[in-house]
């Protein structure tokens, strides 16, 4: 007997028929002899509707009230799923965040889980019942409802799995696993049976939005085995999916396991800043103060005592970055700002890179062969990223997918 | 300065525009120098949608899960109204049932309020904030969400008014007060400025569905001054409405203040039961066991040792009543059951009846003049009710409205 946390996302519980299928899937899991706890998201679309209402009433709404409103999405689903399970003869009961309790910090709207009290969930399991926990929500130090931010139900599920010592956390979603790249870009993308946490983190952070990044971090830290599965298979067979594991569990390490891309990028070049010690601090200090997350940074070779500084950031943060740099213009002393939103960040990822040379040069040569100009480069231990013009996205991804031998039949 | 509880029903908060108008109305009340606490229902239609989902998944759903699902309706509205108030510069915060807490018994789906802890609400008011409480919900002894049954938000509002010692509880609804009869039946119906609790109770229980009966009982018991007002006036002027007061406060008592009717009635005649002691118990015992609420009862004059027993009940309970009587046929010993759903109960109500004779005879004569046959009669201290064929509803109501001098210009 294993203890399994099953998490179902918004498309998996989008309507009553889908909720009935989820109930059947849970029944099938129990029939395997497993103990099951469930975590659910809101019905697809429900959260967006609730957010739109809050924003319409006040663009600068109180995050505490936003949380009270938005958390109802998961409250509805967990009650409905408990009813659907009972209709199949399975003893089940819903748990809201404050009932478990899922204790979070006080950052309403983007709260972080501090602790999950496992007592009631364990009691429920011990009594042969299926606890159905509302994802995405908790209770803050002010005794009010908190929410975890977009995709937070993944984190709820992983945190619950860690709290109750589950053998595995199965995340049912609208894709059937993690792919070597976006299957919409190339039909040759292949589902991976296994992926290391670190690779998943890099893929998630550069745009392969299968799991919330924070949930992968938590899974890695707490060593929770996470499996990504499709909720669109039959209730008895969701298909093989992708298992997130520790790097050590992957015997035959591929040098590159995946190609990711992110279009939500923007590039800023600060022209002709004095090339003196402290100028980088002059530029990036104000940006940090304005809560702008800078990603890649390049400083050009100095020329006549001035240099150009180029960096990338999420395109949504561009207006804030510009405002902040213009306010600091006197202190920095640049001549002008050049911004570009028509860029894409393309990354090759793989834990095998640690022990193999030549990954970056293969990337550069492949792109050069296709006539694609690289604007910015950044590397980490298991990733090489480049910024190129957005129009080359598909061409670049396909070429790299082939170059690293990832193409399927 | 007065302390006012303002309660807004589903049509008053049906969409974002209506919620904004409610916020303006609260602002206007505060501008009068009053302290205000607010109670809200779910957006019109929301509760029905949630109930339909529960029923679709399982007709015999777990009432505890039903409560968790259905209570989200008010949770959404109280958060949204708090945001709308803040957008007007009014400090406000939402309170869910479990946060106040509104302590109820454990009868999920039809829970009764046992106590409202006034501490947090009073603190909130003392801090110059407007507490916005979710109506219809509470927390049960099992630490789970409970709901109060249809119209329960009225009761939430009256209970809150009693708990915080409010000077008045204003119930904003889709009618502008309590009328002498249904204005859809006669344009001569008049809004009453005042009505005694007892009269309101009788009108409510016979079908004038302005307030939940339980809320009126509670208001009477706790001596809460309740005002029924229209939410469709301007934010600055809801119009005069109707004030519920103690009988003693009505100086000039009308003999009859209102004519009510209820079409949700059914009549059952049990034919030729043995006329012996204990036969009534044989009939009504099984009905009580089956939770059938019997209303009017008539026992015919005995004839050849047998008699006919006629009674009325809510038409929704008819199938249960028939099943129960058929099961007890051997014990009762009747020849057959006759049922009739095409009946209406018409009632004349007024506290002045206590000191005036002739009310019933005026009713009987008026109906006889119109050729309407009375099938069953029942009376209380402040009410006379008759059962007649449903087709006479409008004719009877109009004739009685005129006969008791209630017609307006």
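Chains as they are written, first to last, in my numbering: chain W, 1 to 409; chain F, 410 to 818. Glycine included, C-beta positions come from ideal geometry on N, C-alpha and C. Here the structure is a predicted model, which is why all the values come from computation and not from measurement.
### Three-pair Cβ contact test at 8 Å for the stretch 241-257 of chain W versus the stretch 413-422 of chain F
Because the criterion of three Cβ pairs below 8 Å is not met, the stretch 241-257 of chain W and the stretch 413-422 of chain F do not touch.
#### Entry: DSSP-derived helix/strand/coil call for residue 185 of chain W
Coil.
### Bounding residues of the alpha helix (DSSP H) (the contiguous stretch that carries residue 74 of chain W)
Unbroken alpha helix (DSSP H) run through residue 74 of chain W: 72-87.
### Task
Kindly provide the ranges of any alpha helix (DSSP H) runs that are 4 or more residues long and lie completely inside the stretch 199-240 of chain W, ordered along the chain.
Entirely contained in the stretch 199-240 of chain W, the alpha helix (DSSP H) runs reaching 4 residues are, in chain order, 213-222.
### Assigned secondary structure, residue 393 of chain W (DSSP; H/G/I helix, E/B strand, else coil)
Note: residue 393 of chain W maps to helix in three-state DSSP.
### Message
Can you check whether the C-beta of residue 533 of chain F is within less than 9 Å of a C-beta belonging to chain W?
### Response
Under the Cβ criterion of 9 Å, residue 533 of chain F is not counted among the residues facing chain W.
### CA-to-CA distance, residue 50 of chain W to residue 774 of chain F, given in whole angstroms
Whole-angstrom Cα-Cα distance: 58 Å.
### Query
Taking 9 Å as the CB-CB cut-off, is residue 19 of chain W touching chain F?
Residue 19 of chain W counts as touching chain F.
### Message
For residue 668 of chain F and residue 810 of chain F, which I take to be in contact (beta-carbon distance under 8 Å), what is that distance rounded to the nearest angstrom?
### Response
The distance from the Cβ of residue 668 of chain F to that of residue 810 of chain F is about 5 Å, consistent with a contact at the 8 Å cut-off.
### Task
Thinking residue 344 of chain W and residue 393 of chain W are a contact (beta carbons under 8 Å), I'd like their distance in whole angstroms, please.
Contact check for residue 344 of chain W and residue 393 of chain W: beta-carbon distance about 5 Å, within the 8 Å limit, so the pair qualifies.
### Task
Determine the chain W residues that contact residue 492 of chain F at a beta-carbon separation under 9 Å, and present them in chain order.
The answer, in chain order, is 53, 54, 57, 58, 61, 62, 65, 66 and 69.
### Task
For residue 180 of chain W, count neighbouring Cβ atoms within 10 angstroms of its own Cβ and tell me buried if that reaches 16, exposed if not.
Around the beta-carbon of residue 180 of chain W, 16 or more other beta-carbon atoms lie within 10 Å, marking it buried.
### Message
Contact between the stretch 504-515 of chain F and the stretch 536-548 of chain F is defined here as three or more beta-carbon pairs at a separation below 8 Å; is this criterion met?
### Response
Segments in contact, yes.
### Query
Are there 16 or more other CB atoms within 10 angstroms of the CB of residue 59 of chain W, so buried, or fewer, so exposed?
In this structure residue 59 of chain W is exposed. Its beta-carbon is surrounded by fewer than 16 other beta-carbon atoms within 10 angstroms.
### Query
Just checking my contact of residue 170 of chain W with residue 7 of chain W at CB under 8 Å: how many whole Å lie between their CB atoms?
Indeed, because the Cβ distance is near 7 Å, the residues count as touching under 8 Å.
### Task
Determine the chain F residues that contact residue 87 of chain W at a beta-carbon separation under 7 Å, and present them in chain order.
Per Cβ cutoff of 7 Å: 466 and 467.
### Query
residue 341 of chain W lies in the alpha helix (DSSP H); which residues open and close that run?
For residue 341 of chain W, no alpha helix (DSSP H) segment is defined; the enclosing uninterrupted segment is the beta strand (DSSP E) at 336-349.
### Query
Which chain F residues sit within Cβ distance under 9 Å of residue 72 of chain W?
In chain order: 480, 481, 482, 484, 485 and 488.
### Task
Answer with yes or no whether the minimum CB distance from residue 153 of chain W to chain F is below 9 Å.
No Cβ of chain F is located within less than 9 Å of the beta carbon of residue 153 of chain W.
### chain C contacts made by the stretch 423-447 of chain F, where a contact means CB separation under 9 Å
The structure shown has no chain C; the protein chains it does contain are W and F.
### Task
Count the other C-beta atoms from every protein chain shown that fall within 10 angstroms of the C-beta of residue 447 of chain F, then say buried if there are 16 or more, exposed otherwise.
If you draw a 10 Å sphere on the C-beta of residue 447 of chain F, you find 16 or more other C-beta atoms in it, and that means buried.
### Message
Check whether the stretch 668-678 of chain F and the stretch 706-724 of chain F touch, using three or more Cβ-Cβ pairs below 8 Å as the test.
### Response
In short, these stretches touch, since the Cβ pair count reaches three.
### Message
Using CA atoms only, rank isn't needed, just tell me which of F:428, F:765, F:805 and F:769 is closest to residue 782 of chain F.
### Response
Nearest to residue 782 of chain F by alpha-carbon distance, out of F:428, F:765, F:805 and F:769, is F:805.
### Task
Could you check if residue 380 of chain W is buried or exposed, using at least 16 other CB atoms within 10 Å of its CB as the buried criterion?
Under this definition residue 380 of chain W is an exposed residue.
### Message
On a Cα-Cα basis, can you pick out the residue from F:410, F:418, F:413 and F:434 that is closest to residue 647 of chain F?
### Response
Checking every option, the nearest Cα to that of residue 647 of chain F belongs to F:434.
### Task
Answer yes or no: does any C-beta atom of chain F fall closer than 9 Å to that of residue 94 of chain W?
With 9 Å as the cut-off, residue 94 of chain W counts as an interface residue toward chain F.
### Query
Do you know how far the Cα of residue 279 of chain W is from the Cα of residue 299 of chain W?
Roughly 11 Å separates the two Cα atoms.
### Task
Measure the C-alpha to C-alpha separation of residue 490 of chain F and residue 604 of chain F and round it to an integer number of angstroms.
Each residue's Cα considered, the two are about 31 Å apart.
### Message
Can you pull out the residues from the stretch 546-560 of chain F whose beta carbon lies closer than 8 Å to at least one beta carbon of chain W?
### Response
If the cut-off is 8 Å between Cβ atoms, the stretch 546-560 of chain F has 552, 553 and 554 near chain W.
#### Entry: Interface residues of chain W facing residue 569 of chain F [CB-CB closer than 7 Å]
Simply none; closest approach about 18 Å.
### Query
Using a C-beta to C-beta distance shorter than 8 Å, which residues of chain F count as neighbours of residue 50 of chain W?
Contact annotation for residue 50 of chain W against chain F: 485 [CB-CB distance below 8 Å, chain order].
### Task
Under 9 Å between beta-carbons, which chain W residues line up against residue 708 of chain F? List them in chain order, please.
Chain W residues near residue 708 of chain F: none, gap ~45 Å exceeds 9 Å.
### Message
Check whether the stretch 521-531 of chain F and the stretch 567-586 of chain F touch, using three or more Cβ-Cβ pairs below 8 Å as the test.
### Response
Yes: the two stretches touch, three or more of their Cβ pairs being nearer than 8 Å.
### Task
Run the CB neighbour count on residue 222 of chain W, radius 10 Å, all protein chains shown included, and call it buried at 16 or more, exposed below.
The residue is exposed, with fewer than 16 neighbouring Cβ atoms inside 10 Å.
### Query
So with Cβ pairs under 9 Å, would you call residue 508 of chain F a contact of chain W?
For residue 508 of chain F, a Cβ of chain W is located within less than 9 Å of the residue's own Cβ.
### Query
Quick one: what does DSSP say residue 477 of chain F is sitting in, helix, strand or coil?
Helix.
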